[in-house]
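Reading through the structure tokens given below for one structure.
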Amino acid sequence: MTTMGTTDESLRQDLARRGVHVTSLESLYNWGRAHSLWPLQFGLACCAIEMIAATMARHDLARFGAEVFRPSPRQADLMIVAGTVTKKMAPMVVRLYNQMANPKYVIAMGACAISGGPFREGYNVLRGIDRYLPVDLYIPGCPPRPEALLHGVIRLQELIRGEKLSGPGRSRAADPAVPGEYPIPNYGPAGLRPPFNPDLWQPPSDPDAAPDDGSDAVTPRETTA
Amino acid sequence: MNLTRAAPWPAGTAPFADPGETELLELSLGPQHPSTHGVFRMNALLDGETVVRLQPVFGYLHRNHEQLAERMSYLASMPFTDRLDYFCSLTNNWAYALTVEKLAGLEVPERAEYLRVILAELTRLQNHTVFLGFLLGDMGAWGSVLMYGFRQRDAVLDLFEALTGSRMMCDYLRFGGCRCDLPPGWAAAARLVVDSYPGFLDEMEQLLTENEILRARTMGIGGVEAKRLVNAGVSGPLLRAAGLSHDLRKVDRYGIYDRFSFRIPLGEKGDVYDRLMIRLLEMRESLNILDSALRDLPEGPVINPQAKLRNFRPPAGEAYGRIESPKGELGFYLISDQSPQPYRYRVRPPSLINLTLLEEMCVGAKIADVMVILGSIDIVLGEVDR
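Chains as they are written, first to last, in my numbering: chain A, 1 to 225; chain B, 1001 to 1386.
This is the structure:
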């Protein structure tokens, strides 16, 4: 309960004991939204299997209100990018995000969705979906265990419950200046154009960091035995 | 063939008031589709509900496996093979290890051979278990069967995790043996899982085989002439469902499969029902193998002491190694030029080659059957696109 206005915490608890619950509209709204996340039923690779495992009997994602996987992006509000995003697939992923209704969130599940993972050196692998989409949460692992995905969903719920609906620092969905759609890259003979969305991602500026201008060129590497 | 206009119905056969000529509908299924088992796409041409033409579109999960493997050492490719068919990492490991062992002429200790058989058969069990769940999901029974399947699969994955440290990406086999020995109590735990499986299979069979809807949806669907299957190079349960007895565990007798007695279940018609039943019967045979392998598991080293992990350079030459993976013949072809990395690295993925007859299976079927037929082939996109 972040913004309680004039009600102080002890009075609120006192009232709650008498069966009167006082809350703000914002808290109620966020509480409802955090516990009814509908993920997009959308798997890319290995991580998708752990995502399915998380919804099954043992891990039971339903306990956290996020088990209603919808095959249509129109009905979903959480995109779990579970697996390697290839350059051929990236335009579809961005298009699916654009088709989702606001408010919407993105979880990058697994090393491949975060950075390309083990396949980062591949000529057809996108080095992280955050080059085209605003990622709210990263879940590392190859693949992350179902428990890690559960933890990720809980963290996302915390994030949603802390969101503001108005004023400075308000949530992305409530801010008209933030676009709900992002340009879809073009997949051609030279890979993806543009190679990244400069509004969302910039090449690292650290001079010691590995040279990565986001281009499609694969740096030749000597193999060490 | 006119692709936008269907041929008129022969006189008197139209199931509706024939308007003269009907227009064909082109439908793109996938790559985001709940029943395409990943990011597979099909462009179907429909006449009403009937499939006239079907074109698969590949490459949405092309992760450059072969190209990457040619740039790294032999051992470094082992974890990448886990991610080919990500349900069956251990059989992928085995096919790759077998090929490199052939190339380098490495012997495998007896205990390691037994461990490989145990792990491969456990992999086959869990693969066929979730296969049933996904296939039934494609038919509309989304949820229950898959949930039973995953519950049972998790029991097997616990064994993998206890042994290798990972549920799915096991990376357990090494050239000339296995990475580590069994932890204490593992064999007893595996015995418990194996003993619990027949009960689960009985339950599944009771649930499935007598079910009228399932029989209506699967019988007589997706069958192809056995000769066509052979010509297309199809292997695995798909081939055996059509009545052809070809199982590399019997044909090649790689590893120590000649020491176990097991039968090869065969179908008759090769339709979806046969493919489903073949998997159920194969699981029973796997349990027999597991039973005797766990009983006879000898003591001894798990890796050949001559196997080199570092600076491994097999002699120049080429080798093709193949095993019966749960999906069919999984082969690796390697050319060595005595350098630390393979000169050529090629995977023969059963999923991709089994898919080649997809159009033939689907043409003439209803659009709703396409998903069932695709599900019965049992593909994994990590292996199809690599």
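Note that CB positions come from ideal geometry on N, CA and C, so glycine has one too. Computed from a predicted model, the values in this text were never measured in an experiment.
- Chain A places a beta carbon closer than 8 Å to that of V1039/B, counting this residue as a contact.
- As a beta-bridge residue in DSSP terms, R1322/B pairs with G1331/B.
- Per DSSP, R127/A has no beta bridge partner at all.
- With respect to A1190/B, L1294/B sits close: the two C-beta atoms are nearer than 8 Å.
- Taking 8 Å as the CB threshold, N1064/B lines the interface with chain A.
- Of all residues in the segment 163-194 of chain A, none comes within less than 9 Å of chain B when Cβ atoms are compared.
- No Cβ-Cβ contact shorter than 8 Å links V68/A with V81/A.
- Within the same chain, Cβ atoms closer than 6 Å to the Cβ of E1324/B are found at D1247, L1248, R1249, the five residues on either side in sequence being excluded.
- Here the segment 1027-1041 of chain B does not lie against the segment 1304-1315 of chain B, with fewer than 3 beta-carbon pairs under 8 Å apart.
- K88/A and N124/A have their C-alpha atoms spaced approximately 8 Å apart.
- With fewer than 16 other beta carbons inside 10 angstroms of its own, Y1343/B counts as exposed.
- According to DSSP, T1050/B shares a beta bridge with D1047/B, K1366/B.
- As computed with DSSP, S1035/B is found in no beta bridge at all.
- Against chain A, the CB of Q1067/B has a partner CB under 8 Å away; the residue lies at that interface.
- Within chain A, F42, M92, L96 have C-beta atoms less than 7 Å from the C-beta of Q1032/B, given in sequence order.
- Out of P144/A, V106/A, A190/A, A148/A, the CA that lies nearest to the CA of Q41/A is found in V106/A.
- Membership of G32/A in the alpha helix (DSSP H) is indicated by the continuous run 25-34.
- Residue environment: T1218/B is assigned as buried (16 or more neighbouring CB atoms within 10 Å of its CB, all protein chains considered).
- Runs of the beta strand (DSSP E) lying entirely within the segment 1286-1316 of chain B and spanning at least 3 residues: none are present.
- A distance below 8 Å separates the beta carbons of Q1341/B and E1070/B.
- Within 7 Å of the CB of M1147/B, the CB atoms of chain A belong to M56, A57, in sequence order along the chain.
- DSSP places M51/A inside the alpha helix (DSSP H), whose first and last residues are 46-55.
- Under the 10 Å beta carbon count, A1368/B is surrounded by fewer than 16 other beta carbons and is classified as exposed.
- DSSP lists G1317/B as the bridge partner or partners of S1336/B.
- In this structure, F1134/B sits near G1375/B, with a CB-CB distance shorter than 8 Å.
- Runs of the beta strand (DSSP E) lying entirely within the segment 109-175 of chain A, each at least 3 residues long, are 137-139 in chain order.
- E67/A sits in coil when the DSSP states are folded into three classes, being neither helix nor strand.
- Only residues of its own chain outside the window of five on either side were considered, and among them F1262 have a CB closer than 7 Å to the CB of N1288/B, listed in chain order.
- Cβ contact annotation for I1256/B (same chain, cutoff 8 Å, sequence separation greater than five): E1110, E1113, Y1114, V1117, in chain order.
- Here S1286/B is buried, its C-beta having at least 16 other C-beta atoms within 10 Å.
- Shown here, E1121/B sits in a helix according to DSSP, grouped into three states.
- For M1147/B, the uninterrupted alpha helix (DSSP H) segment begins and ends at 1144-1164.
- Residue range 1186-1208 is occupied by the alpha helix (DSSP H) that includes M1204/B, with no beta strand (DSSP E) assigned at that position.
- In this model, G1030/B and F1040/B are separated by some 6 Å (Cα to Cα).
- Across the set Q1206/B, L1357/B, E1101/B, the C-alpha of E1101/B shows the shortest separation from the C-alpha of Y1254/B.
- Ranked by how close their Cα comes to the Cα of S1166/B, the residues P146/A, A16/A, A62/A have P146/A in first place.
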